[in-house]
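To start, the structure under review is shown below, and the notes come after it.
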Amino acid sequence: MVDLVQYLVGGLTAGTLYGLVALGIVLLYRSSRVLNFAHGDLATLAAFVGFTVLLRRQPPTPFPIGPQTGWWSFLPAMAGALLAGALAGAAFYFLIIRPVKEATLLGRIVVTLGLALAINGLVVLVWGADTKVFPFPLSDVRVYRLGGVVISQLSLGLTTAGLLLVALLYLLVQRTRVGLAMRAVAQDLTAAQALGIPSRRIFALTWGLAGMLAAAAGILAAPVTLLTPFMMLDPFLKGFAAAVLGGMDSLPGAVLGGWLLGLAESLFAGYISFKFKTTLAFLIIILTLMLRPEGLLGREYRRRV
Amino acid sequence: MSRVRLLGTALLLVGLLLPVSLTAQERGISPTEIVIGSTLPLSGPAAYWGTGVGGGIDAFLRSVNDAGGVHGRKFRVVLRDDSYLPPRAVLNARELVERDGVFAIVGMIGTANAFAARDYIAESKTLWISPTTNDIFAGWRNRKYLFVTYPSYLNEGRILTQYAADKLGTKKIAVFYQNDEYGLGLLRGVKYGLSAAKGVKLVGQASYEVTDADVSAQAVKLRGSGADTVFIAATPGQGALIVREMAKLGWRPTLLATFTLGDPIMFVLAGEAWNDVYSTAYFPLPGLGDSKVDQMLATLIRYNAGLARSPYNALAGVTFIEPLVEALRRAGPDVTKDKIVTALESLRNWNGEVSRAVTFGPDRHQGLNRIHIVKSSGGKYVKITDWITYPTQY
Chain A
275 MVDLVQYLVG
285 GLTAGTLYGL
295 VALGIVLLYR
305 SSRVLNFAHG
315 DLATLAAFVG
325 FTVLLRRQPP
335 TPFPIGPQTG
345 WWSFLPAMAG
355 ALLAGALAGA
365 AFYFLIIRPV
375 KEATLLGRIV
385 VTLGLALAIN
395 GLVVLVWGAD
405 TKVFPFPLSD
415 VRVYRLGGVV
425 ISQLSLGLTT
435 AGLLLVALLY
445 LLVQRTRVGL
455 AMRAVAQDLT
465 AAQALGIPSR
475 RIFALTWGLA
485 GMLAAAAGIL
495 AAPVTLLTPF
505 MMLDPFLKGF
515 AAAVLGGMDS
525 LPGAVLGGWL
535 LGLAESLFAG
545 YISFKFKTTL
555 AFLIIILTLM
565 LRPEGLLGRE
575 YRRRV
Chain B
99 MSRVRLLGTA
109 LLLVGLLLPV
119 SLTAQERGIS
129 PTEIVIGSTL
139 PLSGPAAYWG
149 TGVGGGIDAF
159 LRSVNDAGGV
169 HGRKFRVVLR
179 DDSYLPPRAV
189 LNARELVERD
199 GVFAIVGMIG
209 TANAFAARDY
219 IAESKTLWIS
229 PTTNDIFAGW
239 RNRKYLFVTY
249 PSYLNEGRIL
259 TQYAADKLGT
269 KKIAVFYQND
279 EYGLGLLRGV
289 KYGLSAAKGV
299 KLVGQASYEV
309 TDADVSAQAV
319 KLRGSGADTV
329 FIAATPGQGA
339 LIVREMAKLG
349 WRPTLLATFT
359 LGDPIMFVLA
369 GEAWNDVYST
379 AYFPLPGLGD
389 SKVDQMLATL
399 IRYNAGLARS
409 PYNALAGVTF
419 IEPLVEALRR
429 AGPDVTKDKI
439 VTALESLRNW
449 NGEVSRAVTF
459 GPDRHQGLNR
469 IHIVKSSGGK
479 YVKITDWITY
489 PTQY
């Protein structure tokens with residue numbers, strides 16, 4: 275029983291991260307139908323920028339700092355990472371996605387794939403390919419106990435931050451004029467433009483927001499998975515599966531999908547097999563597309579003409 | 099007119115190149131140069147190993163070059179990235195041989211990668227020294243140009259398991275392993291050790307995939323097995339993650355880990371959870387009193403400051419390449435592949451800058467058959483047993 279709850283706790287923590295990644299993917303997909311394969315690498319880039327900000331006053335030793343840092347040195351790093359994510363997202367839109375807007379949808383998706391490789395190469399070039407510890411104000415080893423079940427400060431913080439971000443994003447999209455404009459552009463671009471909505475600015479904003487979400491996922495993932503240029507490979511794949519499961523155009527669906535996938539994985543690994551844990555994500559994608567292609571919370575799939 | 103000139107230039111170029119290709123007797127050897135290649139994970143989940151080992155090989159050869167090279171020839175190193183993926187390792191081996199024209203392939207990280215590439219390398223009759231695996235070559239026939247200076251995971255698993263049973267009071271052991279030939283080889287080693295240790299049982303096993311970022315479920319599963327000892331056969335990243343997860347659960351069994359986790363970065367990645375871990379070593383670890391090894395490490399870091407982050411892997415890179423450099427010295431200025439084979443086979447109990455007791459012979463291409471046990475404490479490993487030898491297989 276204790277083990278079961280412990281599996282659930284692990285699954286929820288991982289699931290929150292998947293959900294965060296899925297949110298960024300869904301946000302972009304809703305508005306532009308572009309599946310951003312560079313999302314994970316954007317997250318990595320932002321995390322490394324945050325890492326550099328953290329290190330700025332450290333003496334250059336081979337192993338600079340321990341796993342923990344205070345809030346006051348972390349907050350500038352977090353701001354730096356979020357800013358880097360947002361700027362990189364918006365820059366992609368202006369420099370790359372917009373100039374290739376004549377390309378087919380598939381073409382634009384392939385462009386993001388190329389971007390992913392380019393960013394990854396850049397990160398390896400600048401920061402090196404080895405594994406680093408990402409200092410974080412919350413401890414991964416300090417834990418809270420409830421009965422026999424253990425949850426670390428970091429897991430708790432990660433889950434809380436994830437929930438907070440989801441709520442904020444939901445409010446932004448559903449309750450503000452900017453959010454309304456984003457939804458309008460997503461639903462009918464021509465009509466939105468005819469009504470005077472500055473679609474270019476709205477798209478750039480969406481890309482920037484998605485970049486910021488990527489950055490948030492990056493700095494929340496890095497302390498758990500350790501900081502490497504390849505740390506988002508697995509969370510990105512899982513985030514993508516979560517997005518499909520929850521519905522590619524539903525923000526709450528993304529989070530729900532993340533949690534369900536995290537829980538399913540953890541239970542599957544614990545009680546059935548570790549070896550097919552990764553396969554499970556693919557299986558879920560296939561089953562969702564076969565049985566309910568619009569996803570759990572997605573609206574029915576319509577071809578946009 | 100311009101086309102005629104182009105044709106003329108092309109002919110001239112062919113004329114210039116022809117004598118070179120006719121006089122070059124051995125691929126990868128010219129009067130001034132020896133081309134050495136390797137395929138390593140310079141990206142992906144095992145990049146920490148690849149950058150350390152590749153950097154070590156490169157820095158060592160540059161230091162040899164700066165000291166005048168070998169018989170007037172300088173080394174040129176071609177490192178190709180395989181991301182720790184076996185298919186790319188095969189492709190890289192092919193490119194190294196057919197495009198880069200290397201004289202020898204040095205190293206190759208990953209048992210699964212070496213297993214995938216071995217047939218091609220043997221067929222191309224390329225000299226292959228020190229892939230980072232060993233047991234997969236036992237019973238394999240095409241070993242004429244293969245020389246291994248890497249310990250046997252099978253025997254490492256056995257020796258550590260027996261040590262734990264004899265000295266550490268281990269009764270129930272569980273294994274955390276990578277789901278490929280590397281992890282499975284060590285799992286076999288633990289089972290091999292158990293067959294000799296009475297009263298000790300394998301009570302649990304949990305595997306992970308190289309891309310896994312979350313191993314919390316594995317930690318819960320291992321704890322549930324009731325093991326008092328856990329053997330770790332993983333990459334540094336996942337090795338650190340699993341001990342952190344165990345620490346989080348407040349569960350601290352006796353920890354055994356394979357020597358590939360020998361870098362001090364483990365203390366950074368895993369923190370205090372990496373204290374009192376039992377592991378092994380096959381060359382004198384830096385900072386423990388062997389001045390030759392310490393000097394070599396200082397040299398490597400002078401050539402590549404980044405290697406300070408992976409001293410153990412950088413030195414391991416030196417152990418892969420230095421027997422070949424010694425053989426090239428012994429073989430004299432007229433290099434042929436067969437002369438190098440003879441020279442390598444003449445190494446008896448040979449000590450290099452870092453390598454110790456390397457022995458090859460006409461019937462022996464497994465150059466190393468001893469390790470000793472170390473224990474981690476306070477940021478470094480301390481030697482706690484003398485050398486333990488095991489039988490050679492080929």
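Going line by line, the protein sequences match chains A and B.
Mapping of the first sequence onto our numbering: residues 275 to 579, in sequence order.
Mapping of the second sequence onto our numbering: residues 99 to 492, in sequence order.
All C-beta atoms, glycine included, are put in the ideal place defined by N, C-alpha and C.
Computed from a prediction, not measured in an experiment: that's the story for all the values here.
- Item | Neighbour list for I155 (chain B) in chain A, Cβ cutoff strictly below 7 Å | The contacting residues do not exist; I155 (chain B) stays about 16 Å from chain A at best.
- Message: What are the residues in the segment 313-336 of chain B lying within 7 Å of chain A by C-beta distance?
- Response: S314, A315, Q316, V318, K319, G322, P334, G335
- Query: For L367 (chain B), is the classification buried or exposed, using 16 other Cβ atoms within 10 angstroms of its Cβ as the cut-off for buried?
  - Reply: buried
- Contacting residues, own chain, Cβ-Cβ under 6 Å from D414 (chain A) (five flanking each side not counted): S426, L428
- Query: If I257 (chain B) and I486 (chain B) are in contact, beta carbons under 8 Å, what's the gap, nearest whole angstrom?
  - Reply: 6 Å
- Could one say the Cβ of R407 (chain B) lies closer than 9 Å to chain A's Cβ atoms, at least one of them? yes
- Item | Unbroken stretches of the beta strand (DSSP E), 3 residues or longer, contained in the segment 412-465 of chain A | Counting only runs of 3 or more, we get 417-420, 423-426.
- Using a Cβ cut-off of 8 Å, which residues of the segment 168-186 of chain B contact any Cβ in chain A, in chain order? none
- At what residues does the beta strand (DSSP E) containing R125 (chain B) begin and finish? Here R125 (chain B) belongs to no beta strand (DSSP E), and DSSP marks it neither H nor E.
- Message: I'd like to know if L140 (chain B) contacts chain A, where contact means its C-beta is closer than 9 Å to some C-beta of that chain.
- Response: yes
- At 8 Å on the CB atoms, spell out the chain B contacts of V407 (chain A), in chain order. V366, L367
- Message: Using the three-state DSSP reduction, which class does I471 (chain A) fall into: helix, strand or coil?
- Response: coil
- Task: Rank A:L291, A:F348, A:A377 by C-alpha distance to the C-alpha of I307 (chain A) and give the top, closest one.
- Result: Here residue 307 (chain A) turns out to be Arg, not Ile, going by the sequence shown. When only C-alpha atoms are compared, the closest one is A:A377.
- CB contact below 9 Å: I271 (chain B) versus chain A: no
- Message: Give me the subset of the segment 256-282 of chain B whose CB atoms are less than 8 Å from a CB atom of chain A, sorted by chain position.
- Response: N277
- the segment 275-294 of chain A: positions lying closer than 7 Å to chain B by Cβ: D277, Q280, Y281, G284, A288
- Query: According to DSSP, which residues form a beta bridge with E131 (chain B)?
  - Reply: Looking at the DSSP assignment, E131 (chain B) forms a beta bridge with B:K172.
- Query: Any Cβ of chain A within less than 9 Å of the Cβ of P384 (chain B)?
  - Reply: Chain A, which has no Cβ nearer than 9 Å to the Cβ of P384 (chain B), makes this no.
- Residue range of the unbroken beta strand (DSSP E) whose run includes Y248 (chain B): Secondary structure note for Y248 (chain B): it is in no beta strand (DSSP E), with a DSSP letter that is neither H nor E.
- For G544 (chain A) and chain B, any beta-carbon pair shorter than 9 Å? Under the Cβ criterion of 9 Å, G544 (chain A) is counted among the residues facing chain B.
- Item | Within chain A, partners of P143 (chain B) - CB distance below 7 Å | Going along chain A in sequence order, the residues near P143 (chain B) (Cβ under 7 Å) are F504.
- 7 Å Cβ cut-off: residues of chain A touching L347 (chain B): V424
- First through last residue of the alpha helix (DSSP H) which encompasses F366 (chain A): 345-366
- Query: The beta strand (DSSP E) spanning F365 (chain B) covers which residue range?
  - Reply: That residue, F365 (chain B), is in no beta strand (DSSP E); its alpha helix (DSSP H) goes 363-368.
- Query: What are the boundary residues of the beta strand (DSSP E) that Y306 (chain B) is part of?
  - Reply: 299-306
- Euclidean distance between Cα positions of Y280 (chain B) and D164 (chain B): Computed Cα separation, rounded: 36 Å.
- Indicate whether the contact test is met: 3 or more Cβ pairs, each with one atom in the segment 453-466 of chain A and one in the segment 350-369 of chain A, closer than 8 Å. no
- Message: So, for P184 (chain B): in the same chain, excluding its five sequence neighbours on each side, which residues have a beta-carbon less than 8 Å away from its beta-carbon?
- Response: G208, A210, N211, F213, A214, A215
- Query: Whose C-beta lies closer than 7 Å to the C-beta of L537 (chain A) among residues of the same chain, with five residues either side of it excluded?
  - Reply: Cβ within range, chain order: L282, G285, L286, G289.
- Item | Ranges of the alpha helix (DSSP H) found wholly within the segment 304-355 of chain B, counting only runs of at least 4 | 314-322, 334-346
- First through last residue of the beta strand (DSSP E) which encompasses L375 (chain B): It should be noted that the sequence gives Val, not Leu, for residue 375 (chain B). It spans 375-379 - the beta strand (DSSP E) in which V375 (chain B) sits, taken as one unbroken run.
- Message: Counting only C-beta atoms, is R342 (chain B) closer than 9 Å to chain A at any point?
- Response: At least one CB of chain A lies nearer than 9 Å to the CB of R342 (chain B).
- When DSSP labels each residue in this structure, what does D388 (chain B) get in the three-state scheme? coil
- Message: What are the residues in the segment 546-572 of chain A lying within 8 Å of chain B by C-beta distance?
- Response: F548, K549, K551, T552
- What's the call for D310 (chain B), buried or exposed, on a 16-neighbour Cβ count within 10 Å? buried
- Message: Contact criterion: CB-CB distance below 9 Å. Does P509 (chain A) meet it with respect to chain B?
- Response: True, the Cβ-Cβ gap to chain B drops below 9 Å.
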